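Following: one structure in structure tokens, then a few remarks.
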Amino acid sequence: MHIRQGLPTSDVTAGKYPTYQLGSGWNAMLPERPKCSRTSIRRFGTIVIGGGYTGLAAARRIAEMQPDQPVLVLEASTIGEGSSGRNSGFVINLPHNTKMGGHTSPLEIARKQIRLYDAGLRWLEQVVREHRIDCSWNPAGKFHAAASDSGVENLSVSLAQYREWGVNFEEYDRDALREKLGTGYYRYGFHSPNNVFVQPAALIRGLADSQPSNVVLIENEPVIQLSESSPFRITTSEAEYMADRVILANNGFAKALGILRDRLITIFTYAAVTPRLSESELKKLGDTQEWGVIPANRLGTTLRRVHDGRFMVRSAYSYEREQSPSDTLAQLTSCYQRRYPNMKAHDFEYVWGGTTALTRNGATFFGELRPGLFASLGCNGAGVLKGTTYGKLLGEMAMGAQSSQLSDALSLEGPSWLPPEPIRRIGVVSSIKYQAALAGAER
Ligand SMILES: Cc1cc2nc3c(=O)[nH]c(=O)nc-3n(C[C@H](O)[C@H](O)[C@H](O)COP(=O)(O)OP(=O)(O)OC[C@H]3O[C@@H](n4cnc5c(N)ncnc54)[C@H](O)[C@@H]3O)c2cc1C
């Protein structure tokens, strides 16, 4: 297992930013990242808190729109070690949740989101191409697959939505799935083209390293305090900065700075990647070089055959705290074994956990919280593209731009209220247990 070499936490910094027991496997596959710079400048027009997809997209747009003004990005960890470098690398341009629309119909909300994500994907691809970011970009689409009756039912609901949205898909029965995925575990599934695979740590590093020259990126410097109003005082583990404008892009950890405490929860989920497999073992994983499966239940297991001959499994959830690496290893190994009992071994080279910020109604907070304080928080899982799209638009909004995309993003409902602790913990933990039981064979 790859042990993370990160910032030590102290009483002052504990809980203010994510810390993990194990490093990101994707990041460990890349060359060591050079030590980052520091700055002696203390006053900025804009400071971005968090260097994930959201923060780096916002910083890029602000820096492009104000090329003569420096923009500071403060990142608590090393780029590649945050959730942006810990995810499964599915860049999905379809909505996850279409219920949060106030008085608008789910179809109208879905269409707005699809327009937003399509535009976000075009922009991301353009940045990747322009800067030659080597992140194994592969527009291979994605499978959704079900092993149980309830899973098949869930997929039929998704397909009814796809039909309504005009999204293409191809259905697969057990035999056709076995040919594609090499396992008879799934009874039914479909493939849709709305996904690009990436090596997520390579993508986020590339996005960081290709920022405009007026972006100052400081890594391993967590923000531990943020004042109420503009000019904002931003206290980090190392220094104190001032900014007229702040972009909050630290996802669930905005809570620790006193923001949206009654709207956001942090859920950990877990992933593991095998070593490169031999040709004979790879043959057992179907006939395509790269594919991925999204589960038919939200607490199910994601699979990905990676183009370089590795295999990835993602599953399991825990509330606010990372579970033990030995539990994670046991759970992910079992997911792998149940689907591929015929593999010679079920060893992983890397195992790790990561955080996602969830809200009760699945909505993201997007917009201006207070004058000069802009935020996009609570991506609810599918945040690679959502974070990118909303981060870009948030940067444009902070610069006073107007557009139909911005109006669409602002028209979506925000996160709903969550009860305080300990009721919240009891509710979320029981819901995880209940949903996990419902997920059955999809886990
Ligand atoms: C195992 C796993 C698999 C996933 N798979 C997928 C997938 O396949 N596709 C998908 O779309 N999404 C996936 N996700 C979710 C996705 O990773 C997130 O939604 C996405 O990273 C959100 O981007 P973000 O920039 O908003 O937040 P983050 O990526 O969390 O970035 C926020 C950054 O802020 C930093 N930060 C936090 N607090 C502070 C502070 N106080 N000061 C300074 N910096 C701070 C963090 O270190 C972090 O780097 C997965 C997540 C996990 C954990």
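Under full-length UniProt numbering, the first residue of the sequence shown is numbered 1, with each subsequent residue one higher. No residue lacks a Cβ here, since even glycine has one placed at the ideal position from N, Cα and C. If you're wondering where the values come from, they're calculated on a predicted model, not measured in any experiment.
Cβ-heavy atom distance, residue i to ligand 1, below 8 Å
i    : result
E421 : no
V223 : yes
P200 : yes
Y17  : yes
R86  : yes
R314 : yes
C379 : yes
N297 : no
K386 : yes
E75  : yes
N194 : no
V91  : yes
Y270 : yes
I41  : no
T274 : no
N250 : yes
L412 : no
F365 : no
Y53  : yes
F253 : yes
S83  : yes
S259 : At residue 259 the sequence reads Ile, which differs from the Ser that was named. Not under cutoff, so the answer is no.
Residues near residue i by beta carbon distance below 8 Å, same chain, minus five either side
i           : result
residue 479 : Outside the displayed span of the chain (1 to 443) sits residue 479, for which this structure offers no information.
G427        : P419
E349        : G25, V273, T274, P275 and R310
M399        : R61, I62, M65 and Q66
E179        : G286 and D287
G141        : H191, S192, P193, N194 and N195
Sequence-distant residues of the same chain with beta carbon closer than 6 Å to residue i, five excluded per side
i           : result
V293        : F143, A145 and L303
S318        : F268
G354        : S83 and R86
residue 451 : With the chain represented from 1 up to 443, any question about residue 451 goes unanswered, as that position is not in the structure.
C135        : V198, Q199, A202, L203 and G206
I432        : Y317
CB contact flag (residue i, residue j, <9 Å)
i    : j    : result
Q435 : R298 : yes
A357 : F366 : no
G378 : N250 : no
M312 : A201 : no
P18  : F44  : no
L285 : L181 : yes
L412 : A382 : no
L264 : P95  : no
V55  : G391 : Just to set this straight, residue 55 is Gly in the shown sequence, not Val. A contact, by the Cβ cut-off of 9 Å.
N93  : G52  : no
F197 : V306 : yes
Buried versus exposed call for residue i [16 or more other C-beta atoms within 10 Å across all chains shown]
i    : result
G15  : exposed
A296 : buried
V216 : buried
I79  : buried
S192 : buried
P341 : exposed
W26  : buried
V157 : exposed
W291 : buried
R60  : buried
E75  : buried
A256 : buried
I247 : buried
Q113 : buried
I41  : exposed
Q5   : At Q5, the pLDDT of 47 sits below 50, so the modelled position is not reliable; the number obtained from the coordinates is stated separately. Classification of Q5: exposed, given that the 10 Å Cβ count is below 16.
E228 : exposed
L277 : buried
S324 : exposed
K283 : exposed
K386 : buried
G166 : exposed
P222 : buried
For residue i: DSSP bridge partner residues
i    : result
Q225 : T235
H144 : F190 and I294
I49  : L74 and L248
L217 : V73
I432 : I432 is not bridged to any residue.
S376 : F366
Beta-carbon contacts of residue i that lie in its chain and below 7 Å, excluding the five residues immediately before and after
i    : result
L393 : Q405, L406 and A409
I423 : none
K344 : E281
A254 : L248, L260, L264, A375 and L377
G184 : R174 and R178
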